[in-house]
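Asker:
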Amino acid sequence: MSRESGGVAGQAGPVAIRPEAVRNVLVVGPAGAGKTTLVERLLVTAGVLNRAGSTEDGTTVCDFEEVEHRQRRSVGLALAPLVHGGVKVNLLDAPGYVDFVGEVRAGLRAADCALFVVAANEGVDEQTRTLWRECADVAMPRAVVVTKVDHARADVDGVVAQARDAFGERVLPVYLREGGRLVGLITGDHGHDAQRAALVEGIIEESEDETLMERYVGGEVIEAKLLLADLELAVARGSLHPVVPVDSTSGVGAGELLDLMVSAFPSPLEHPLPKVFTPAGRPGPEIACDPSGPLVAEVIKTTTDPYLGRVSLVRVFSGTVLPDATVHVSGHRSAWTGAAPPDSSHPDHDEDERIGSLSVPLGKSQRTAPAVVAGDLCAIGRLSRAETSDTLADVDTPLVLEPWQVPHPQLPVAIQVRTKSAEDKLGPGLQRLAAEDPTLRVEHNEETHQVVLWTMGEAHADVLLDRLAGRYGVDVDEVEVQVPMRETFVRPATGHGRHVKQSGGHGQYAVCSIEVEPLPQGGGFEFVDRVVGGAVPRQFIPSVEKGIRSQMRDGVVNGCPAVDLRVTLTDGKAHSVDSSDMAFQTAGGLALRDAATRGGTCLLEPVDEVEVLVADALVGTIMGDLSARRGKVLGSEPAREPGMVVVRAHVPQLELRRYAAELRALAHGSASFTRAFARYERVPDQVSAILPPR
1 MSRESGGVAG
11 QAGPVAIRPE
21 AVRNVLVVGP
31 AGAGKTTLVE
41 RLLVTAGVLN
51 RAGSTEDGTT
61 VCDFEEVEHR
71 QRRSVGLALA
81 PLVHGGVKVN
91 LLDAPGYVDF
101 VGEVRAGLRA
111 ADCALFVVAA
121 NEGVDEQTRT
131 LWRECADVAM
141 PRAVVVTKVD
151 HARADVDGVV
161 AQARDAFGER
171 VLPVYLREGG
181 RLVGLITGDH
191 GHDAQRAALV
201 EGIIEESEDE
211 TLMERYVGGE
221 VIEAKLLLAD
231 LELAVARGSL
241 HPVVPVDSTS
251 GVGAGELLDL
261 MVSAFPSPLE
271 HPLPKVFTPA
281 GRPGPEIACD
291 PSGPLVAEVI
301 KTTTDPYLGR
311 VSLVRVFSGT
321 VLPDATVHVS
331 GHRSAWTGAA
341 PPDSSHPDHD
351 EDERIGSLSV
361 PLGKSQRTAP
371 AVVAGDLCAI
381 GRLSRAETSD
391 TLADVDTPLV
401 LEPWQVPHPQ
411 LPVAIQVRTK
421 SAEDKLGPGL
431 QRLAAEDPTL
441 RVEHNEETHQ
451 VVLWTMGEAH
461 ADVLLDRLAG
471 RYGVDVDEVE
481 VQVPMRETFV
491 RPATGHGRHV
501 KQSGGHGQYA
511 VCSIEVEPLP
521 QGGGFEFVDR
531 VVGGAVPRQF
541 IPSVEKGIRS
551 QMRDGVVNGC
561 PAVDLRVTLT
571 DGKAHSVDSS
581 DMAFQTAGGL
591 ALRDAATRGG
601 TCLLEPVDEV
611 EVLVADALVG
621 TIMGDLSARR
631 GKVLGSEPAR
641 EPGMVVVRAH
651 VPQLELRRYA
661 AELRALAHGS
671 ASFTRAFARY
681 ERVPDQVSAI
691 LPPR
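Using UniProt numbering, read the sequence shown as starting at 1 and increasing by one per residue.
#1: Less than 8 Å between the C-beta atoms of Val262 and Arg23, yes or no?
#2: Tell whether a beta-carbon distance below 8 Å holds between Glu20 and Ser365.
#3: Can the beta-carbon of Arg432 be found less than 8 Å from the beta-carbon of Val476?
#4: From which residue to which residue does the beta strand (DSSP E) around Ser550 run?
#5: Among the candidates Gly238, Thr337, Ala264 and Thr320, whose CA atom is the shortest distance from the CA of Ile355?
#6: Answer with buried or exposed for Pro613, where buried requires no fewer than 16 other C-beta atoms within 10 angstroms of its C-beta.
#7: Could you tell me whether the region 278-297 touches the region 420-437, using the rule of 3 or more Cβ pairs below 8 Å?
#8: In or out: Gly534 buried (at least 16 other Cβ within 10 Å) or exposed?
#9: Do you know offhand how far Arg549's Cα is from Phe277's?
#10: Enumerate in chain order the residues of its own chain whose CB-to-CB distance from Ala325 is below 8 Å, with the five nearest sequence positions on each side excluded.
#11: Given a cut-off of 8 Å, decide if Val463 and Val481 are closer than it, judged by their beta-carbon atoms.
#12: Which runs of the beta strand (DSSP E), 3 residues or longer, sit entirely within the region 587-673?
#13: Under 7 Å from any heavy atom of the ligand NAP, does the C-beta of Gly184 make it?
#14: Mind reading off the beta-carbon distance from Ala660 to Gln410? Whole number of angstroms is fine, and I expect it under 8 Å.
#15: Return helix, strand or coil for Ile300, following the three-state DSSP convention.
#16: Among the candidates Pro542, Gly158, Gly588 and Leu43, whose CA atom is the shortest distance from the CA of Lys88?
#17: Among all the DSSP beta bridges, which residues are the ones paired with Ala80?
#18: Would Asp685 and His460 qualify as a contact pair, given that the criterion is a beta-carbon distance under 8 Å?
#19: Along the chain, where does the alpha helix (DSSP H) containing Gly158 start, and where does it finish?
#20: Give the range of the alpha helix (DSSP H) segment to which Tyr97 is assigned.
#21: Taking only three categories from DSSP, how would you classify residue 695?
#22: Between the region 577-587 and the region 599-618, do three or more beta carbon pairs fall short of 8 Å?
#23: Using the C-alpha atoms, what's the distance from Leu233 back to Val174?
#24: Between His69 and the rest of its own chain, which residues show a CB-CB distance below 6 Å, the 5 nearest in sequence each way excluded?
#25: Judging by CA-CA distance, which residue of His506, Thr448 and Gly331 is the nearest neighbour of Gly555?
#26: Between the region 245-261 and the region 194-214, do three or more beta carbon pairs fall short of 8 Å?
#27: Within its chain, find whatever has a CB closer than 6 Å to the CB of Gln71; leave out the 5 residues flanking it on each side and keep chain order.
#28: Is the region 589-601 close to the region 624-640, with three or more CB pairs under 8 Å?
#29: What do you get for residue 696, buried or exposed, if any count of 16 or more other CB atoms within 10 angstroms of its CB means buried?
#30: With DSSP run on the structure shown, which of helix, strand or coil describes Glu232?
#31: Where does Glu56 land, buried or exposed, given buried means 16+ other C-beta within 10 angstroms?
#32: So what's Pro684 in DSSP terms, helix, strand or just coil?
#33: How is the alpha helix (DSSP H) around Val452 delimited, first residue to last?
#34: In angstroms, rounded to a whole number, what distance separates the CA positions of His271 and Asp112?
#35: Taking Cβ positions, are Gly524 and Asp564 nearer each other than 8 Å?
#36: Is DSSP giving Leu108 helix, strand or coil here?
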């Protein structure tokens, strides 16, 4: 089941010389399914490593227990290349925790096929279903490997049946386990006629040879070579998902899985390329997976090495990357996500940079590569400005790839440094973390004066804080996230501001009287001048308004900005010598505070419109939980995905601070949500009474 040689292996690392001799495979599955152990077994089977995680010359390049432990605490893909049958296979091991779905999406951009790992003793869980939807959303071809087949509770047939129920009738075994060996259904082994018939019919239905089904129905035995060619076509189209059982401990099935990857998984030539644009946002030229074409590559992952500096894992879509070449680096995420604010964690940028060494990473080892052609993956050193999802292109013809959709982080974590000396290192450290991880958003909240990390979940937050401390030497503490509140008047009131001081020389003299009325929500601020007889000189009336606006920004009672007010200046007094602009600004602020004590104020809290995507069976649970959070459920409707429902509600932000983690626990990792600001609403008295002072 192998193809013509197109890659070589050696101390310089496996290097592909033609795109058709490359397979980029994303290994996905829930935590504990055995992904990393499977990758290790495939590397051993291909002769890249021995069981000790060393190459044939004894160089230790990978301690897989360490890798698995590190992946549980890291945010990133692990690349493991091998050569089988003359074809280079790039295995991308994705984190199995739901917090790191952003890394799965990055891996989907780099890969041409996804390999789902399902444990025979666990079956298809909600996380596997979520990952399957992620792949379906981008039309990624998929295959399934069943691991832990020798576990005491293993049920391979039951797991395959679960997968077919969950993902469709086209999830079909191509190998079956009999005792300590596998039998192949395509090669026509006897004793499994029904299963072989289902597979062969599924393959033939995708064949471009319209006579093949007629010949098969007529009793003709179809050659395995023809079936393999059409199997590859069916997999590439995403219409058939082959299943292989593998025992990662003994290695039974590992060789067959590698054969399947080489013969039936699509090459980069068969996978659609991302859309290309100019840095100005205009459609760019069509590109092809051609080593001689213009250079178009993308940074899939960014890491910082203590010795190598910033290292970029890159997928080459067109052209050839050479060491020491100068490339154009473009990052224009705001073109697809909206205008980036000046303090954005990912500002737009364009610059020319000279790339450093090219290498093929494997565990802790970096093996040099003389060149990397279209369709292949590599690591590039010394791209000091490149961030994850940036495009690398020729200097003379800079191009930008439409970035993949990055999930929105929904769990806010407020931090503060433990020591004064760490303050200067916090900003650069967070900037580097954001460059590595597009799912991190760093917010410097001007109202609450907090530094808030918007993360994907608790595990993601833990990893980021560990990296901040271990890699950049910044120890921080988590503090409670403050929600930016507002306040407004409960009822109309009058206020009097008097600012009179005499301390030698020019004094300060300003007196003003105002009336304050609350406006409807969203009414903003209105200032009305009804002074008669020049009680407040005309030049000082703007000063009163300025002082009132300043006091509204600072808050009048609770330290929150005041909103939705109409203030009418009715009277005042001035002094021919001691009155001034600043004196009347101060008097205006004092008058507003005086009115607040008379009329009373109330807190207003921000309310978000929330959309929860959840399985139909959990809709009642989710609605009840949203109601318990003081939410107003607006309704529900079927989602695009079968069996899923979208629940909409308005929920106060105070009740959403930990919702990302709590929803995950409530729905066993199968639900997700988005939110957008809707409006401010009055805080109920019973809630306001227990809020800590600001």
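Even glycine gets a Cβ: it sits at the ideal position worked out from N, Cα and C. This structure is a prediction, so every number in the text was calculated from the model and none was measured.
Answerer: Quick answer:
#1: By one-based count along the sequence shown, residue 262 stands at place 262. By one-based count along the sequence shown, residue 23 stands at place 23. Taking a C-beta distance under 8 Å as the contact criterion, Val262 and Arg23 qualify as a contact pair.
#2: Residue 20 sits at position 20 when you count from the first residue of the sequence shown. Residue 365 sits at position 365 when you count from the first residue of the sequence shown. Against a cut-off of 8 Å, the Cβ pair of Ser365 and Glu20 comes out as no contact.
#3: Looking up residue 432 in the sequence shown gives position 432. Looking up residue 476 in the sequence shown gives position 476. Not a contact, by the Cβ cut-off of 8 Å.
#4: Working through the sequence shown from its first residue, we reach residue 550 at position 550. Unbroken run through Ser550 is the alpha helix (DSSP H), Ile541 to Asp554; no beta strand (DSSP E).
#5: Position 355 of the sequence shown, counted from the start, is the residue given in the question as residue 355. The option with the nearest alpha carbon to Ile355 is Thr320.
#6: Stepping through the sequence shown from its first residue, residue 613 is reached at position 613. It is Leu, not Pro, that sits at residue 613 in the sequence shown. By the neighbour-count rule (16 or more Cβ atoms within 10 Å), Leu613 is buried.
#7: no
#8: Walking along the sequence shown from the start, residue 534 turns up at place 534. Its Cβ having fewer than 16 others within 10 Å, Gly534 is exposed.
#9: Here residue 549 refers to the residue found at position 549 when the sequence shown is read from its first residue. Here residue 277 refers to the residue found at position 277 when the sequence shown is read from its first residue. Each residue's Cα considered, the two are about 46 Å apart.
#10: Along the sequence shown, read from residue 1 onward, the residue named residue 325 stands at position 325. Excluding positions up to five away in sequence, the list reads Arg354 and Ile355.
#11: Translated into positions along the sequence shown, residue 481 becomes position 481. Translated into positions along the sequence shown, residue 463 becomes position 463. It is not a contact, given that the beta carbons lie outside the stated cut-off.
#12: Within the region 587-673, the complete beta strand (DSSP E) runs of at least 3 residues are 601-615, 632-638 and 644-652.
#13: What this structure holds is no ligand at all, so the ligand NAP is not there to describe.
#14: Taking the sequence shown and counting its residues from 1, the one referred to as residue 660 is at position 660. Taking the sequence shown and counting its residues from 1, the one referred to as residue 410 is at position 410. With a Cβ gap of about 4 Å, Ala660 and Gln410 count as contacting.
#15: Your numbering for residue 300 matches position 300 in the sequence shown. In this structure, Ile300 counts as strand in the three-state DSSP scheme.
#16: For the purposes of this step, residue 88 is taken as residue 88 along the sequence shown, with counting starting at 1. Checked all of Pro542, Gly158, Gly588 and Leu43; the closest Cα to Lys88 is Leu43.
#17: For the purposes of this step, residue 80 is taken as the residue at position 80 of the sequence shown. DSSP output for Ala80 lists Leu91 as bridge partner(s).
#18: Numbered from 1 along the sequence shown, position 685 holds the residue referred to as residue 685. Numbered from 1 along the sequence shown, position 460 holds the residue referred to as residue 460. Not a contact, by the Cβ cut-off of 8 Å.
#19: For the purposes of this step, residue 158 is taken as the residue at position 158 of the sequence shown. Unbroken alpha helix (DSSP H) run through Gly158: Val156 to Phe167.
#20: Here residue 97 corresponds to residue number 97 of the sequence shown, with the count starting at 1. Element bounds for Tyr97: n/a, residue is neither H nor E.
#21: An answer regarding residue 695 cannot be provided, because it is not within the stretch 1 to 694 covered by the chain.
#22: With contact defined as three or more Cβ pairs closer than 8 Å, the region 577-587 and the region 599-618 are not in contact.
#23: Position 174 of the sequence shown, counted from the start, is the residue given in the question as residue 174. Position 233 of the sequence shown, counted from the start, is the residue given in the question as residue 233. Their Cα atoms are separated by approximately 15 Å.
#24: Along the sequence shown, read from residue 1 onward, the residue named residue 69 stands at position 69. Confidence is the limiting factor: at His69 the pLDDT is only 45, short of 50, which leaves the residue's position unreliable and the question unanswerable from this model.
#25: Reading the sequence shown from its first residue, position 555 is the one you call residue 555. Ranking the options by Cα distance to Gly555, first place goes to Thr448.
#26: no
#27: The residue labelled residue 71 in the question sits at position 71 within the sequence shown. Low per-residue confidence applies at Gln71: pLDDT is 42, beneath 50, and the placement is therefore not dependable enough to give any value.
#28: Contact between the region 589-601 and the region 624-640 is absent, with fewer than three C-beta pairs closer than 8 Å.
#29: The question about residue 696 has no answer here: the residues shown for the chain are numbered 1 through 694.
#30: Residue mapping note: residue 232 aligns to position 232 of the sequence shown, counting from 1. Note: Glu232 maps to helix in three-state DSSP.
#31: Position 56 of the sequence shown holds residue 56. With a pLDDT of 49 at Glu56, under the threshold of 50, the modelled position of that residue is not reliable, and the figure given next carries that caveat. With fewer than 16 Cβ atoms within 10 Å of its Cβ, Glu56 is classed as exposed.
#32: Here the question's residue 684 lines up with position 684 in the sequence shown. Residue state, collapsed to three classes: coil.
#33: Locating residue 452 in the sequence shown gives position 452, counting from the first residue. Counting along the chain, Val452 falls outside any alpha helix (DSSP H), though it belongs to the beta strand (DSSP E) covering Gln450 to Thr455.
#34: On the sequence shown, residue 271 is found 271 positions in, with the first residue counted as 1. On the sequence shown, residue 112 is found 112 positions in, with the first residue counted as 1. Those two C-alpha atoms are separated by around 6 Å.
#35: The residue you call residue 524 lines up with position 524 of the sequence shown. The residue you call residue 564 lines up with position 564 of the sequence shown. Yes, these two residues count as a Cβ contact at 8 Å.
#36: Here residue 108 refers to the residue found at position 108 when the sequence shown is read from its first residue. Leu108: helix per DSSP, three-state reduction.
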